Amino acid sequence: MGSANSTPRKPATTSTTEKRSVMTVTQVEHRPDAAAAADLLAQLNLRTSSSRPSASITLDSLKAWEADFASNPKHRLASTVLSKSAFADVLVRREAQREAQQVFNVKLSNEGKPITNQKSSGRCWLFSATNYLRVMLARKLDLDEFQFSQSYLFFVDSKKGSLTGLSKANYFLENMLDLADTPLDDRLVQNLMSEPENDGGQWDMLVNLLDTFGLVPQAVYPESTNSSATGRLDALLTAKLREYALELRTLHDAALESLSETHKGRPYGERKALAAQSARKRKDEQLAEVYRILAITLGQPPKPDDHFVWEYHDKKSSKYHRVETTPKQFYKDVGIDVSQALSLVNDPRHEYKTLMTVDRLGNVWGGRPVKYINAEIDLLKETAVKLLKADIPVWFGCDVGKFSNTPLGIMSTKLWDFDEALGVSLKMNKAQRLQTGESAMTHAMLLTAVNLDAEGKPTRWRVENSWGEEPGDKGYFVMTDDWFSEFVYQIVADRKYISKELTDVFDHGKATVLPPWDPMGTLA
183 MGSANSTPRK
193 PATTSTTEKR
203 SVMTVTQVEH
213 RPDAAAAADL
223 LAQLNLRTSS
233 SRPSASITLD
243 SLKAWEADFA
253 SNPKHRLAST
263 VLSKSAFADV
273 LVRREAQREA
283 QQVFNVKLSN
293 EGKPITNQKS
303 SGRCWLFSAT
313 NYLRVMLARK
323 LDLDEFQFSQ
333 SYLFFVDSKK
343 GSLTGLSKAN
353 YFLENMLDLA
363 DTPLDDRLVQ
373 NLMSEPENDG
383 GQWDMLVNLL
393 DTFGLVPQAV
403 YPESTNSSAT
413 GRLDALLTAK
423 LREYALELRT
433 LHDAALESLS
443 ETHKGRPYGE
453 RKALAAQSAR
463 KRKDEQLAEV
473 YRILAITLGQ
483 PPKPDDHFVW
493 EYHDKKSSKY
503 HRVETTPKQF
513 YKDVGIDVSQ
523 ALSLVNDPRH
533 EYKTLMTVDR
543 LGNVWGGRPV
553 KYINAEIDLL
563 KETAVKLLKA
573 DIPVWFGCDV
583 GKFSNTPLGI
593 MSTKLWDFDE
603 ALGVSLKMNK
613 AQRLQTGESA
623 MTHAMLLTAV
633 NLDAEGKPTR
643 WRVENSWGEE
653 PGDKGYFVMT
663 DDWFSEFVYQ
673 IVADRKYISK
683 ELTDVFDHGK
693 ATVLPPWDPM
703 GTLA
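Residue 596 in our numbering sits at position 414 of the sequence shown; the count goes up by one each step and never skips.
Below you can see the structure in the form of structure tokens.
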């Protein structure tokens with residue numbers, strides 16, 4: 183999730199919710215049964231080749247399709263209308279708009295203010311996380327409007343820099359040293375090289391950042407032009423990191439060749455480790471260059487133990503307050519230990535109640551790995567409802583571009599009437615969309631309310647986005663429960679809201695290791 187502005191990236195037994203079909207996202211398997219296959223074969227004259235369907239598009243086929251299209255007045259009318267308009271705007275169902283009411287019977291006692299705006303960046307995971315934390319701090323200090331500095335976390339996280347190890351940049355280059363004896367065209371190496379710079383992240387990466395670097399108010403380290411529009415900076419650093427990786431590989435190979443002669447009695451693994459160690463001096467020089475680029479383009483942030491002063495007025499009495507603290511202490515004062523929060527994901531390709539991780543996905547070398555508990559979608563919903571009833575916002579990851587209208591602020595599987603207008607419907611289920619690359623986590627946001635029916639089942643959810651006040655209802659979206667089933671992949675909850683059975687899976691389970699290119703490895 184999050185490499186650009188995160189605006190519009192064998193199945194287990196499914197729950198009742200997952201089996202439910204909707205009007206435009208139809209849950210059917212694309213597996214013709216034996217009878218259907220036999221029927222297709224029966225239509226062939228297997229004794230002659232002339233009657234067999236051509237592998238190419240033929241002129242006869244084009245003429246037949248054209249005649250079929252011309253004979254249908256509905257198709258001609260649809261072409262007249264939709265060829266002059268953006269079909270995604272024209273085909274919005276009124277039913278979807280009626281169901282997307284901003285009315286909820288379970289809602290946070292206070293939502294964060296103001297609505298945040300990540301602008302032209304992929305920092306949604308940081309915005310949604312700091313939006314979560316500010317709700318807690320606002321209650322504690324009686325704040326009206328407040329923002330943590332997303333730019334501070336961006337600096338310390340990015341493959342652009344951190345204050346002690348240049349975080350993701352260091353993580354990427356250490357991976358390159360570890361794989362230095364792997365061919366450059368190997369799929370794993372090429373996958374890591376394909377995007378060494380990425381604004382996005384995951385919850386466990388946030389834990390690494392907060393534990394190491396803490397937090398500061400936005401007033402202490404404000405937004406900059408380059409943090410709000412990261413494209414050119416990303417491109418520059420991507421080019422440099424690839425260049426650095428090649429240089430480290432060359433140094434590593436030369437050192438390994440030399441050690442093969444001078445230390446040929448030592449095991450290969452030991453010689454490889456020595457070669458990597460010899461290249462790290464150059465890596466430190468490379469990271470110093472990255473820091474310099476960042477400090478110039480973003481401004482120097484405070485170090486984790488630097489003292490800063492923050493001043494504010496409380497909401498109730500407008501009383502003046504002055505706080506002198508450090509980033510690490512400021513995070514502790516928020517009173518939320520994010521390391522106690524675990525990720526529940528819904529990946530129907532894999533067995534439920536199991537642990538999953540993604541190979542070489544992280545941001546701090548030697549830090550907390552990214553881990554997911556795979557669970558049925560109903561459990562994710564039940565946990566989210568439980569959190570909202572406890573007056574706790576919910577960080578979640580989803581595929582935001584699917585069946586979503588940004589100006590209206592609607593996420594609904596009934597959003598578009600493709601079948602009536604185009605004569606087609608989308609028939610893959612959630613597992614198949616993951617298997618084919620049709621869907622993945624692309625964006626992180628915050629749940630702040632839910633509407634429950636008479637039986638206590640959710641019907642729609644209120645979503646705090648980070649795209650400013652213009653979309654939706656002053657920045658808030660409505661997500662239908664069917665959309666949650668199809669396109670929500672992850673929620674985060676404190677372990678006290680998760681069953682012991684699943685926390686034991688997280689603490690002691692053997693993780694299924696997914697490759698870096700798996701859709702569950704995308705960053706929010």
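Backbone N, C-alpha and C fix where the C-beta goes; we use that ideal spot for every residue, glycine too.
Being a predicted model, the structure only gives us computed values, none of them experimental.
**Q.** Straight-line Cα distance separating ASP635 from GLY657
**A.** The residue you call residue 657 lines up with position 475 of the sequence shown. The residue you call residue 635 lines up with position 453 of the sequence shown. Taking the straight line from one Cα to the other gives about 25 Å.
Q.
Using the three-state DSSP reduction, which class does GLU652 fall into: helix, strand or coil?
A. Taking the sequence shown and counting its residues from 1, the one referred to as residue 652 is at position 470. In this structure, GLU652 counts as coil in the three-state DSSP scheme.
Q. What distance in whole Å lies between the Cβ atoms of TYR353 and VAL546, which are believed to be in contact at a cut-off of 8 Å?
A. Stepping through the sequence shown from its first residue, residue 546 is reached at position 364. Stepping through the sequence shown from its first residue, residue 353 is reached at position 171. Contact holds; Cβ gap of about 7 Å.
Q: Ignore the nearest five residues each way along the sequence and tell me which others in THR539's own chain have a CB closer than 8 Å to its CB.
A: Position 357 of the sequence shown, counted from the first residue, corresponds to residue 539. Excluding five sequence positions before and after THR539, the CB atoms of its chain that fall closer than 8 Å to its own CB belong to PRO551, VAL552, LYS553, TYR554, ALA693, THR694, VAL695, LEU696, given in chain order.
Q | Reduced DSSP category for MET661 - H, G, I as helix; E, B as strand; rest coil | A | In the sequence shown, the residue the question calls residue 661 occupies position 479. Looking at MET661 - three-state DSSP - the assignment turns out to be strand.
**Q.** Whole-angstrom distance between GLY579 and VAL687, CA atom to CA atom
**A.** Here the question's residue 687 lines up with position 505 in the sequence shown. Here the question's residue 579 lines up with position 397 in the sequence shown. For VAL687 and GLY579, the distance between alpha carbons rounds to 21 Å.
Q: Kindly list the residues whose CB is nearer than 7 Å to the CB of TYR679, restricted to its own chain and excluding five residues on each side of it in sequence; keep chain order.
A: Mapped onto the sequence shown, residue 679 falls at position 497. In its chain, beyond the 5 residues on either side, THR565, LYS568, LEU569 have a beta carbon closer than 7 Å to the beta carbon of TYR679.
Q.
What residue range does the beta strand (DSSP E) around ILE673 cover?
A. Locating residue 673 in the sequence shown gives position 491, where the first residue counts as 1. 670-676 is the extent of the beta strand (DSSP E) around ILE673.
Q) Do you know offhand how far TYR271's Cα is from THR432's? A) Along the sequence shown, one-based indexing puts residue 271 at 89. Along the sequence shown, one-based indexing puts residue 432 at 250. It is Asp, not Tyr, that sits at residue 271 in the sequence shown. Spanning the two alpha carbons is a distance of roughly 53 Å.
Q) Considering PHE578, what are the terminal residues of the beta strand (DSSP E) in which it resides? A) In the sequence shown, residue 578 corresponds to position 396, counting from 1. Note, PHE578: beta strand (DSSP E), 576-580.
(Q) Please state whether the Cβ-Cβ distance between GLN617 and ARG531 is less than 8 Å. (A) Along the sequence shown, read from residue 1 onward, the residue named residue 617 stands at position 435. Along the sequence shown, read from residue 1 onward, the residue named residue 531 stands at position 349. Cβ atoms of GLN617 and ARG531: closer than 8 Å.
Q | VAL389 versus VAL520: straight-line alpha-carbon distance, rounded | A | Within the sequence shown, residue 389 is the residue found at index 207, counting from 1. Within the sequence shown, residue 520 is the residue found at index 338, counting from 1. Taking the straight line joining both Cα atoms gives about 6 Å.
(Q) Below 8 Å on the Cβ atoms is my contact criterion, and I expect PRO698 with ARG542 to pass it. Report the Cβ-Cβ distance as a whole number of Å. (A) As a working mapping, residue 698 is identified with position 516 in the sequence shown. As a working mapping, residue 542 is identified with position 360 in the sequence shown. Rounded to whole angstroms, the Cβ separation of PRO698 and ARG542 is 5 Å, and the two are in contact under 8 Å.
(Q) Using only the alpha-carbon positions, how far apart do PHE666 and LYS563 sit? (A) By one-based count along the sequence shown, residue 666 stands at place 484. By one-based count along the sequence shown, residue 563 stands at place 381. Cα-Cα distance, rounded: 8 Å.
Q. CB-CB under 6 Å to VAL204, same chain, minus the five flanking residues each way: which ones, in chain order?
A. Here residue 204 refers to the residue found at position 22 of the sequence shown. Only weak support is given to the placement of VAL204: the predicted model assigns it a pLDDT of 36, under 50, and the value that follows is read from those uncertain coordinates. Take VAL204, set aside five residues on each side of it, and the residues of its chain with a beta-carbon closer than 6 Å to its own are THR595, ASP664, in chain order.
Q: Indicate whether the contact test is met: 3 or more Cβ pairs, each with one atom in the stretch 461-475 and one in the stretch 422-442, closer than 8 Å.
A: The stretch 461-475 and the stretch 422-442 touch, with no fewer than 3 CB-CB distances between them shorter than 8 Å.
Q) So, VAL674 versus ALA572, is the Cβ gap smaller than 8 Å? A) In the sequence shown, counting from the first residue as 1, residue 674 sits at position 492. In the sequence shown, counting from the first residue as 1, residue 572 sits at position 390. No, the Cβ-Cβ distance between VAL674 and ALA572 is not below 8 Å.
Q. Any chance the stretch 407-420 sits against the stretch 367-382, with 3 or more Cβ pairs inside 8 Å?
A. Judged by Cβ distances under 8 Å, the stretch 407-420 makes contact with the stretch 367-382, as three or more pairs qualify.
**Q.** Helix, strand or coil at VAL402 according to DSSP, with G and I counted as helix
**A.** In the sequence shown, residue 402 corresponds to position 220, counting from 1. DSSP places VAL402 in coil when its eight states are reduced to three.
(Q) For ASN299 and LYS245, I'd like the C-alpha separation in whole angstroms. (A) Looking up residue 299 in the sequence shown gives position 117. Looking up residue 245 in the sequence shown gives position 63. The straight-line gap from Cα to Cα measures roughly 51 Å.
Q. When you compare only the Cα positions, how much space is there between ARG258 and MET375?
A. Sequence index remark: in the sequence shown, residue 258 carries index 76 (1-based). Sequence index remark: in the sequence shown, residue 375 carries index 193 (1-based). When the Cα atoms are used, ARG258 and MET375 turn out to be separated by approximately 48 Å.
(Q) Helix, strand or coil for ILE239? Go by DSSP, reduced to three states. (A) In the sequence shown, residue 239 corresponds to position 57, counting from 1. It is coil, neither helix nor strand.
**Q.** Own chain, CB closer than 8 Å to VAL285, minus 5 neighbours either side, in chain order
**A.** To locate residue 285, count along the sequence shown from 1; it is residue 103. If we look at VAL285 and ignore the five residues flanking it on each side, its Cβ neighbours are ASN633.
Q. So what's SER376 in DSSP terms, helix, strand or just coil?
A. Locating residue 376 in the sequence shown gives position 194, counting from the first residue. Residue state, collapsed to three classes: helix.
(Q) Quick check on DSSP: helix, strand or coil for THR507? (A) Position 325 of the sequence shown, counting from 1, holds the residue named residue 507. In the structure shown, THR507 sits in a strand (DSSP, three-state: E or B).
Q. Would DSSP call LEU526 helix, strand or coil?
A. Sequence index remark: in the sequence shown, residue 526 carries index 344 (1-based). Collapsing the DSSP output to three states places LEU526 in a strand.
Q | Under 8 Å between C-beta atoms of LYS535 and LEU684 | A | The sequence position of residue 535 within the sequence shown is 353, counting from 1. The sequence position of residue 684 within the sequence shown is 502, counting from 1. In this structure, LEU684 lies closer than 8 Å to LYS535 by Cβ.
Q | Proximity to THR507 [Cα-Cα], best of VAL516, LEU366, GLU646, PHE269 | A | Here residue 507 refers to the residue found at position 325 when the sequence shown is read from its first residue. Looking at the Cα atoms, VAL516 is the closest of the given residues.
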